[in-house]
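Student:
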Amino acid sequence: MSTDSVNPNRRRFLNWTAGVVGAVGVGYAAVPFIRSMSPSAAVMAEATTTVDLSKVDKGQRITVMWQGKPVWVVRRTDEMLETLEDPEVTDQLKDPDSEKSEQPEFAANEYRSREPEWLVMIAICTHLGCIPSYNPESGGDFWSGAWKGGFFCPCHGSGYDLAGRVMEGSPAPRNMEVPYYEFLSDSELRIGEPMG
Ligand code: FES
Numbered sequence: 001m002s003t004d005s006v007n008p009n010r011r012r013f014l015n016w017t018a019g020v021v022g023a024v025g026v027g028y029a030a031v032p033f034i035r036s037m038s039p040s041a042a043v044m045a046e047a048t049t050t051v052d053l054s055k056v057d058k059g060q061r062i063t064v065m066w067q068g069k070p071v072w073v074v075r076r077t078d079e080m081l082e083t084l085e086d087p088e089v090t091d092q093l094k095d096p097d098s099e100k101s102e103q104p105e106f107a108a109n110e111y112r113s114r115e116p117e118w119l120v121m122i123a124i125c126t127h128l129g130c131i132p133s134y135n136p137e138s139g140g141d142f143w144s145g146a147w148k149g150g151f152f153c154p155c156h157g158s159g160y161d162l163a164g165r166v167m168e169g170s171p172a173p174r175n176m177e178v179p180y181y182e183f184l185s186d187s188e189l190r191i192g193e194p195m196g
């Protein structure tokens with residue numbers, strides 16, 4: 001079977017598992033290193049995940065593992081950011097101001113992030129926990145309303161915009177969750193709150 005004939009849902013699943021396997025591999029490689037740390041440094045390392053942002057291109061989404069959960073880091077373009085204020089998008093949102101959603105205080109804005117360019121979000125649909133796909137392009141025949149890019153959960157058809165805000169008509173009740181994170185430098189991000 002050629003790669004082109006693979007079912008799109010299966011291809012998305014394979015892409016996702018490949019990314020997670022890579023991230024898990026890094027986690028296993030880190031175990032001997034963590035064992036050699038002092039107890040407080042080891043606790044901090046396990047509670048947090050550090051991400052190298054230097055290799056993430058504009059428009060790209062990467063998946064990393066944090067505390068056993070997949071987390072997306074998306075580098076949004078100016079065009080992607082413009083969609084977040086587009087009335088064709090905002091008129092479809094259940095909770096445009098993220099008042100009923102889980103996110104740190106710093107992400108309670110229309111970008112749902114510290115820096116507009118970077119979206120960091122737990123990659124789990126708030127309906128029943130499937131992993132949505134990344135569909136950053138406008139259009140497509142999988143969504144009945146205006147689609148300007150976002151995330152689509154194929155399990156029961158929930159749509160989210162490019163800030164993870166859920167759209168009306170979705171079974172998902174809330175926007176996707178944003179974890180605590182900090183930028184350590186222009187090219188390094190740490191997900192999770194350091195302990196100790
Ligand atoms: Fe995503 Fe049901 S789990 S729509």
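Going by our numbering, the sequence shown opens with residue 1, and the numbers climb by one from there. Glycine residues also receive a C-beta, built at the ideal position from the N, C-alpha and C atoms. What you are looking at is a predicted structure, and each value in this text was computed from that prediction instead of being measured.
Closer than 6 Å by C-beta to A47: which residues in its own chain qualify, once you throw out the five before and the five after it? Chain order, please.
Tutor: G192 and M195
Student: Check each candidate in E168, V89, V166 and E82 and name the one with the smallest Cα separation from D117.
Tutor: Note on residue identity: the sequence assigns Glu, not Asp, to residue 117. Minimum Cα distance to E117 is reached at E82.
Student: Tell me, which residues are paired with S101 by DSSP?
Tutor: Bridge partners of S101: none, in fact.
Student: Run the proximity test for A204: is its beta-carbon closer than 7 Å to any non-hydrogen atom belonging to ligand 1?
Tutor: Outside the modelled stretch of the chain, which goes from 1 to 196, sits residue 204, for which no answer is possible.
Student: Would you say the beta carbon of L162 is closer than 7 Å to some non-hydrogen atom of ligand 1?
Tutor: Because no heavy atom of ligand 1 lies under 7 Å away, the Cβ of L162 does not count as near it: no.
Student: Considering only C-alpha positions, which residue in the set V56, D161 and D186 is nearest to S133?
Tutor: D161
Student: Would you identify the three-state DSSP class for T77, choosing helix, strand or coil?
Tutor: coil
Student: Residues bridged to F152 by DSSP?
Tutor: S133 and G159
Student: Sort I131, M80 and A163 by Cα distance to S101 and report the nearest one.
Tutor: A163
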